[in-house]
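Student: One structure follows; several queries about it will come next.
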Amino acid sequence: NTRKAYVSDFALYKRFCEEAGYPTLSSDISTGIKSLKNYVRHLAENGYKKGSIKRKLSSISYFIDVAEIYNPIKSSKLFKEFVKTIINSKKYRTTTKQAPAFKLEKLNEFNQIEVKTIIEIRNSAIINLAFDTMLRASNIIDLEYSDLYGQEDNVVFVRFSKTDQSGEGSYHYI
Numbered sequence: 097n098t099r100k101a102y103v104s105d106f107a108l109y110k111r112f113c114e115e116a117g118y119p120t121l122s123s124d125i126s127t128g129i130k131s132l133k134n135y136v137r138h139l140a141e142n143g144y145k146k147g148s149i150k151r152k153l154s155s156i157s158y159f160i161d162v163a164e165i166y167n168p169i170k171s172s173k174l175f176k177e178f179v180k181t182i183i184n185s186k187k188y189r190t191t192t193k194q195a196p197a198f199k200l201e202k203l204n205e206f207n208q209i210e211v212k213t214i215i216e217i218r219n220s221a222i223i224n225l226a227f228d229t230m231l232r233a234s235n236i237i238d239l240e241y242s243d244l245y246g247q248e249d250n251v252v253f254v255r256f257s258k259t260d261q262s263g264e265g266s267y268h269y270i
């Protein structure tokens, strides 16, 4: 996933440079800094958040190091201050677009809707499972039938999650 992110981030930077008429990688220090500064400004103006901008710069930094040219992302205090100023600027700050909480009252309303087809039954089961276990969609997708234990146990075994990077797994009550 890290490699995919690096390639994707660098491809986005490359496309920006091509459209803006900047070289993607330049051994000329001032040209390299200019294109990176304009890219950071572009990202901030287009609503990218602080963490996303930092990650994209980290990806670009990797490729600059591979090219064995001057890397202002790592080496220039002025560039680091510029990035810090841009990403902390109120001018570019975006509001959180987090979905509102799906509360028990809404779940109860949802469960009052009559389900008729097998697809509706499946969708209802998935929503109730997600609510009960507080799992992310990616975890629910990864579940297999063998992960669901008998009715007397009322648990599901999750083999891997974002918060369980070591892959020890965890049980979630249903």
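Going by the numbering used here, 125 is the number at position 29 of the sequence shown; the sequence numbering is gapless. Think of the CB as a built atom: it goes at the ideal place given N, C-alpha and C, for glycine as much as any other residue.
#1: Can V254 be considered in contact with the ligand COA, in the sense that its beta carbon sits closer than 7 angstroms to one or more heavy atoms?
#2: Check the DSSP bridge columns for D260 and list the partner residues they point to.
#3: Are P168 and G117 closer than 8 angstroms when you measure CB to CB?
#4: Thinking V254 and I270 are a contact (beta carbons under 8 angstroms), I'd like their distance in whole angstroms, please.
#5: Considering Y269, what are the terminal residues of the alpha helix (DSSP H) in which it resides?
#6: Using 8 angstroms as the threshold, is the C-beta distance between I156 and D124 below it?
#7: DSSP state of V251, grouped into three classes?
#8: Checking 8 angstroms against the spacing of the C-beta atoms, do R151 and I182 come in under that value?
#9: Report the option in S257, A195, I222 whose CA atom is closest to the CA atom of F206.
#10: Going by Cα to Cα distance, which pick from K130, S126, K100 is closest to C113?
#11: When you compare only the Cα positions, how much space is there between E264 and E210?
#12: Is A140 buried or exposed, if buried means 16 or more other CB atoms sit within 10 Å of its CB?
#13: Pick helix, strand or coil for L121, following the three-state DSSP scheme.
#14: Any idea what DSSP makes of L108, helix, strand or coil?
Tutor: Straight from the coordinates:
#1: With respect to the ligand COA, the structure offers nothing, as it holds no ligand at all.
#2: The sequence position of residue 260 within the sequence shown is 164, counting from 1. Bridge partners of D260: S257.
#3: Here residue 168 refers to the residue found at position 72 of the sequence shown. Here residue 117 refers to the residue found at position 21 of the sequence shown. No.
#4: The residue given as residue 254 occupies position 158 in the sequence shown. The residue given as residue 270 occupies position 174 in the sequence shown. The pair is not a contact, with the Cβ atoms about 12 angstroms apart (cut-off 8 angstroms).
#5: Numbered from its first residue, the sequence shown carries residue 269 at position 173. Not the alpha helix (DSSP H): Y269 falls in the beta strand (DSSP E), residues 266-269.
#6: Locating residue 156 in the sequence shown gives position 60, counting from the first residue. Locating residue 124 in the sequence shown gives position 28, counting from the first residue. Not closer than 8 angstroms, so no.
#7: For the purposes of this step, residue 251 is taken as the residue at position 155 of the sequence shown. Here V251 sits in strand by DSSP.
#8: Against the sequence shown, residue 151 aligns to sequence position 55. Against the sequence shown, residue 182 aligns to sequence position 86. No, Cβ-Cβ distance for R151 and I182 is not below 8 angstroms.
#9: Counting from one through the sequence shown, the residue named residue 206 turns up at place 110. The shortest C-alpha separation from F206 is found at I222.
#10: For this step, residue 113 is matched to residue 17 along the sequence shown. For C113, the nearest C-alpha among the options comes from K130.
#11: By one-based count along the sequence shown, residue 264 stands at place 168. By one-based count along the sequence shown, residue 210 stands at place 114. Going by the C-alpha atoms only, they are around 39 angstroms apart.
#12: The residue you call residue 140 lines up with position 44 of the sequence shown. A140 should be labelled buried.
#13: Stepping through the sequence shown from its first residue, residue 121 is reached at position 25. Coil at L121, not helix or strand.
#14: Start at 1 with the first residue of the sequence shown, and residue 108 comes out as number 12. In the structure shown, L108 sits in a helix (DSSP, three-state: H, G or I).
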